[in-house]
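Using the working numbering, read the sequence shown as starting at 4 and increasing by one per residue. Working notes, beginning with the structure itself.
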Amino acid sequence: MSKKLVILVHGMGNHPKGSMIKEFKKALSDRAKAFGIIEQSYFSKADHKEFNYSEYFDLLRKQFADNAEARKKGFKYLTGKGFEEKLLLQLTNFESKLSKDEFFYTHWLDVVLYSTMYFGEKIRLDFIDFFDKQRKKYGHSNIHLISHSLGTAVAHDSLAKYYRTESDPFDNIPDLKTGDFNIASIWTFANVTRMVNRLNNLTDPIQSTVVTGTDGCSSNFANIRHKYDPFTWFLTYNRRMSNYYSVVPTIIRNVNTHDFFEYITEPRVARAMLNLIYEQSITDTQFEKGVSEHKEGTLKEEAKELRDLLKSIWEKPSLDSVKDVVKQFKTIQKKIDELSGINE
């Protein structure tokens with residue numbers, strides 16, 4: 004029997020190679036310890052590999068920050084219907100302020116770059132090449148795919164391109180037939196596939212082949228979004244399918260509700276992962292112990308301030324365009340930095 008493989012796809016921002024695997028293992032083992040599972044031998048049941056596109060985007064970010072001509076050429080590839088002319092003009096004219104606007108520079112610029120057909124297609128083709136090599140080595144049914152934030156769009160768009168219902172083994176198109184090569188599971192954290200789809204006009208995540216069953220590419224699908232993670236508010240992902248597991252955490256333990264580490268330490272998520280991926284069962288008694296410890300880390304005053312701000316934006320939404328989303332998110336990030344003491 005072939006060994007299992009866990010593939011991790013990071014989100015927006017800078018991610019040194021291997022950092023996501025370390026963060027994932029640390030988060031899951033922390034929660035496992037709270038369940039009473041001290042020994043980490045369960046990790047040996049699977050190999051862990053990372054699809055990392057950060058180095059490519061790091062280079063592009065530097066070029067865009069340093070060179071107005073590079074921005075002018077790069078942003079002309081923004082073809083999605085979410086990129087209205089006024090926004091394109093603003094992006095092109097960021098000039099020297101681009102690199103100083105750290106939130107946009109390290110987060111939203113990645114979304115913008117990925118949403119271009121020019122830069123995004125390279126990432127998707129690289130992912131398909133990586134994925135197919137792993138599929139041939141481990142076998143499709145042994146693969147578990149975990150993605151976070153922008154990584155959910157990278158994984159979705161790539162798989163939607165690769166798995167086709169009309170696939171023909173006798174043609175020259177490099178693809179896979181839906182239902183015949185389904186991987187074991189897909190885990191999406193802070194799923195932004197629908198938001199990004201508004202920008203790149205690729206396959207609609209609600210209609211794509213990235214679904215469970217005979218018309219899809221996976222046997223199980225878990226979608227986890229924090230109630231107060233603003234990145235999941237704009238065109239929230241929720242699709243009906245078999246073997247679909249949805250978790251919406253509400254506890255705030257970190258003012259950055261988008262944090263991947265915190266997503267993994269959520270007790271229901273950790274229990275499901277330990278069981279499905281690592282065949283490590285957690286009793287109800289162990290689970291309740293883990294839940295209690297998890298709640299002990301809940302923030303109080305900081306969480307209230309952040310929750311009040313998020314609710315004010317949520318209840319009076321002005322998220323009809325990409326420009327509005329970026330504006331509101333910068334307000335949220337400013338509050339997160341303030342509560343985290345970053346600006347002290």
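Every residue, glycine too, gets a C-beta built ideally from N, C-alpha and C.
Item	Value
Contained alpha helix (DSSP H) runs [length at least 4] in the stretch 196 to 247, N- to C-terminal order	196 to 203
Cutoff 9 Å: P177 Cβ touching any chain B Cβ	Although the question refers to chain B, the structure presented lacks it and comprises just one protein chain.
Euclidean distance between Cα positions of G14 and W111	11 Å
Close beta carbons around K100, own chain, < 6 Å, minus the five adjacent residues each side	Annotation note: pLDDT 48 at K100 (below 50); position unreliable, coordinate value reported separately. Cβ within range, chain order: n/a, list empty.
Beta-carbon proximity list for S144, same chain, < 8 Å, skipping 5 on both sides	N185, I186, A187 and S222
Contact set for H18: own chain, Cβ-Cβ below 8 Å, skip 5 residues either direction	N55 and S57
Top-ranked residue by Cα proximity to K180, from A193, T191, K52 and Y166	Y166
Same chain only: Cβ atoms within 7 Å of T196, ignoring 5 sequence neighbours per side	T155, A156, H159, P208 and Y240
DSSP-derived helix/strand/coil call for S22	helix
Supposed contact pair K52 and L8 - C-beta distance, whole angstroms, cut 8 Å	6 Å
Helix, strand or coil at R138 [DSSP, three-state]	helix
Identity of the residue in M23, I41 and H229 nearest Q283 by Cα	I41
Residues bridged to K180 (per DSSP)	R167
9 Å Cβ cutoff met for I10 and I227	no
Under the three-state DSSP convention, the category K62 falls into	The question names Lys, but residue 62 is Leu in the sequence shown. Here L62 sits in helix by DSSP.
Assumed close pair N257, E265 - CB separation to whole angstroms, cut-off 8 Å	5 Å
Residue burial classification, R243 (beta-carbon count within 10 angstroms, cutoff 16)	exposed
Which residues DSSP lists as bridging S249, in chain order	N226
For E53, the residue or residues it bridges with in DSSP	L11
Where T215 falls, given that 16 or more other Cβ within 10 Å makes a residue buried	buried
Own chain residues within Cβ distance below 6 Å of A225, not counting five before or after	W190 and Y248
F46 and K28 closer than 9 Å at C-beta	yes
Simplified DSSP assignment, three categories, for F27	helix
Beta-carbon spacing of S384, R138 below 9 Å	Nothing about residue 384 can be reported from this structure: the residues present for the chain run from 4 to 347 only.
Rounded distance between the beta-carbons of Y141 and S5, thought under 8 Å	5 Å
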